[in-house]
Amino acid sequence: KKNIWIDCDPGHDDALAILVALANPEKLNVLGISTIGGNQRLEKVTQNARNILQFIHAKTPLVAGQETPLVKTLTIAPEAHGDSGMDGPFFEDGEYPVLSQNAILYMYETLMKTEGKTTLVGLGPLTNLALLLKTFPEVKDKIECISIMGGGLDRGNYNSLAEFNIFVDPEAAHIVFHSGINIIMSGLDVTEKAAITLGEIQSLKNKGRVSQLVYELLSFYNESGKQFGFVDSPLHDLCAIAYLLAPDMFCGENYYVDVITDNNASRGMTFADKRLVTQSKTNSFVLLDVKRKEFVELLLKSLEELDNA
Ligand code: BDR
Ligand code: CA
C-alpha cells in the first residue's frame with residue numbers, strides 16, 4: 007500500500023483524481039489533500055475540494071495552500087472549468103473541515119511522522135510542492151517520488167509551447183524538476199490520449215450517486231472542451247493517480263526534463279534532453295501512452311465502488 011499526498015486545484019479532472027484515489031484504499035493511503043490557486047482562485051478550488059470530499063463522506067485531512075505562484079501573478083482557467091472552477095453539478099456548499107494550519111508545514115509534519123516514504127501527487131501549479139522542498143530539504147528523504155500532471159514534450163495547451171500547470175508557475179516547476187527526486191510526468195503527451203468519450207460519459211447517467219455527479223461534471227467539461235477542438239475529454243490529472251494504481255497501463259521513457267523560466271514566448275515550456283551522451287542522467291519517467299480502454303475502465307470501476315459504499 008502506497009502513502010500519497012495530493013496537491014490539487016479542482017478542477018474537473020482533479021476531482022476525478024481525488025475520487026479514484028479515495029475509491030482504492032487497499033492500494034492508496036491518502037494522507038492528506040492540499041489546494042493551490044490554479045484553475046480558479048484558492049478560495050474557490052478549496053471549496054470545490056470540500057464539496058467533493060463531503061459528497062463521498064471522506065475523512066481525509068484538507069488544507070489550503072498558496073494563493074499565488076512564486077514569482078508572477080496567478081493565471082486561472084475559467085474557460086475550461088467554469089466560474090466556480092468545477093462547474094456542472096449543483097452543490098450545497100459543504101462544511102467539510104479545512105485545517106487552519108499552514109499547508110507547507112502541515113505537509114512537512116505529516117510526511118516526517120509517517121512510517122516509510124510518501125509519494126507526492128501534483129495536479130496543479132507546483133507552488134506548494136516547491137515551497138515544501140525548498141523550506142524543508144530534509145523532507146526529501148521521506149519522499150518516494152513525485153507524480154505530476156504537467157508539461158508535455160511535444161505540445162502545450164495554454165499556448166503552443168506551455169501546458170497550463172507549468173505555465174502558471176514555471177519557477178516552482180523548475181525547483182521540483184531539479185530537486186533530485188524522481189518525477190513521474192503525466193504530460194499532455196499521454197493525458198490527451200487519456201480521454202473519455204461522450205458515450206462513456208453518458209453511460210454514467212443515473213447509475214449511482216457518485217457516477218451521476220461525475221456525469222454532471224464531465225458533461226460540462228466535455229462541452230467546454232469543444233472550444234479547444236476536443237471531441238473526447240482528456241482526463242489529465244487522473245493519469246497521475248492511475249499510474250500509481252496500474253502502472254502497466256502506461257508506457258514511457260526516462261529523460262532529463264527541464265523547464266523554461268525565461269520571460270519570453272517559451273516561458274513555462276518543458277523539454278527533454280534526448281542527446282545520447284546525456285541519457286544516463288535522467289530526472290523523470292515521462293509517460294507517453296496509455297491503454298485508453300483500461301484507463302476508462304479503472305475510472306468506471308472506482309465510481310461503482312463509491313456508488314456502493
Ligand atoms: C491541467 O490544467 C488544469 O486545467 C487541469 O486541471 C490539469 O491539471 C491540464 O493542462
Ligand atoms: Ca489540475
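In our numbering, the protein residues as written are 7 to 315.
Cβ atoms here follow ideal geometry from the backbone N, Cα and C, with glycine treated the same way.
| Check | Outcome |
| --- | --- |
| Closest Cα partner of residue 7 within the set 22, 14, 27 and 17 | 27 |
| beta-carbon residue 86 near ligand 1 non-hydrogen atom, thresh 6 Å | yes |
| contact_flag[the region 291–308, the region 187–204] where n(CB pairs < 8 Å) is 3 or more | yes |
| C-beta atoms of residue 13 and residue 42 nearer than 7 Å | yes |
| Spatial neighbours of residue 180 in its chain, beta-carbon cut-off 6 Å, leaving aside the 5 residues before and after | 265 and 267 |
| Option nearest residue 141 by Cα separation, candidates 62, 120, 67 and 185 | 185 |
| DSSP-derived helix/strand/coil call for residue 13 | strand |
| Alpha-carbon spacing of residue 167 relative to residue 113, whole angstroms | 32 Å |
| Helix, strand or coil at residue 271 according to DSSP, with G and I counted as helix | coil |
| Residue 186 CB to nearest heavy atom of ligand 2 below 6 Å | no |
| Residue environment, residue 106, which counts as buried when at least 16 other CB atoms sit within 10 Å | exposed |
| Rounded straight-line distance, which links the Cα of residue 224 to that of residue 86 | 11 Å |
| Near ligand 2: residue 129 beta-carbon under 6 Å from a heavy atom | yes |
| Per-residue burial, residue 275 [other beta carbons within 10 Å of its own, 16 or more giving buried] | buried |
| The region 51–66 touching the region 133–153, judged by at least three CB pairs closer than 8 Å | no |
| Residue 89 and residue 214 closer than 7 Å at C-beta | no |
| Beta strand (DSSP E) runs wholly inside the region 169–230, at least 3 long, in chain order | 189–192 |
| Residue 37 vs residue 116 beta-carbon contact at 7 Å | yes |
| For residue 27, the first and last residue of its enclosing alpha helix (DSSP H) | 18–28 |
| Length of the line joining the Cα atoms of residue 219 and residue 97 | 10 Å |
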